[in-house]
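Notes follow once the structure below has been shown.
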Amino acid sequence: MSASHDQRPLDPAGDGSPRDPVADITAAVQRCARGDRAAIAELYDRTCGLVYGLARAGTSTDAGAAQVTTRIYARVWRDSVGFRRERTCALAWLLRITSEEIARCVDPTEGAPR
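For the sequence shown, numbering that gives the first Met the number 0 gives the first residue as 0, with consecutive numbering after it.
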């Protein structure tokens, strides 16, 4: 690997400071817990590719993935008050919810949404 290759996260603020995507996700979840509606939109924007991709793989249809993804973010909004960063990483918490909702919404014999 070249010594000139910079592996710091992108600098969306433009101030030269590296960003920690996991810290940003954690902050958004904590803001959701305080009822900040903009935070769920931010969390969605930061994580929807991953969440939708997992939902699509689990449901095998775009419609099923969209339905499951909606359920996931509704649950994140509802359950964010119980999130404790000292217990788990926010991204791991989101992925656990994603896994649980995919399992809840998919017919195990067909891979289709229930």
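Note that CB positions come from ideal geometry on N, CA and C, so glycine has one too. Every value quoted in this text rests on a predicted model; they were computed, and no experiment measured them.
- Look at the beta carbons and you see the segment 15 to 32 not touching the segment 51 to 71: under three pairs across the two are nearer than 8 Å.
- The DSSP-derived three-state label of residue 85 is coil.
- Secondary structure of residue 19 (DSSP, three-state): coil.
- Between residue 87 and residue 80, the alpha-carbon positions lie close to 14 Å from each other.
- Take residue 53, set aside five residues on each side of it, and the residues of its chain with a beta-carbon closer than 8 Å to its own are 94, 97, 98, 101, in chain order.
- Counting along the chain, no alpha helix (DSSP H) covers residue 35, and no H or E run does either.
- When 32, 33, 28 are compared, the shortest CA-CA separation from residue 46 is found for 28.
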